[in-house]
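Here is the structure we will look at, set down as structure tokens.
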């Protein structure tokens, strides 16, 4: 059962995971001497976990249908790799709070455009003054967290 309250709770939990993942990956990069290698290890471990979940759920066969997906949809993995590497590279300079706040600002900015255009089959959501104010407040949070 997917309700808005459950979805919000899980997304907030995922946000906690991102906040933990960032310094953990940065520490891994320092430990092994390469941020790119740390990002690769992070993705490798995540891939193994997801394979295990697919196997346990009985849905492993869905991987065989990847050839039916439009190739542009495969860019998500490259975007995820860019995200992981960038935050583990930036966190020693910016700290956890500013890094995550800037990450959220970037997500909100892109999300406003994605919603407004209805990309990837999403319902169109207008860019309203309230939604712009929400993004601006996060932008102010970036400034306040750093300066």
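Residue numbers (our numbering): 6 to 152. Just so you know, even glycine gets a beta-carbon here, dropped at the ideal spot from N, CA and C.
- For the 7 Å CB-CB criterion, residue 89 and residue 47 form a contact.
- For residue 120, the enclosing alpha helix (DSSP H) stretches over residues 80-122.
- Look at residue 6 here: in three-state DSSP terms it is coil, with no helix or strand label.
- The C-alpha of residue 121 is placed about 35 Å away from the C-alpha of residue 40.
- About 7 Å separates the beta carbons of residue 113 and residue 139, which is inside the 8 Å limit, making them a contact pair.
- Per DSSP, the continuous alpha helix (DSSP H) segment holding residue 147 begins and ends at 134-151.
- A straight-line Cα-Cα distance of about 11 Å links residue 143 and residue 136.
- Residue 106 and residue 67 have their C-alpha atoms roughly 35 Å apart.
- In the three-state DSSP reduction, residue 128 falls in the coil class, being neither helix nor strand.
- Distance from the Cα of residue 92 is smallest, within the candidate group 116, 145, 24, 56, for 24.
- Listed in chain order, the non-local C-beta contacts of residue 130 below 6 Å within the same chain comprise 120, local neighbours out to five positions each way being set aside.
- With a beta-carbon spacing of about 5 Å, residue 102 and residue 150 fall inside the 8 Å limit used to define contacts.
- When C-alpha distances from residue 26 are compared across 81, 124, 12, 85, the shortest belongs to 85.
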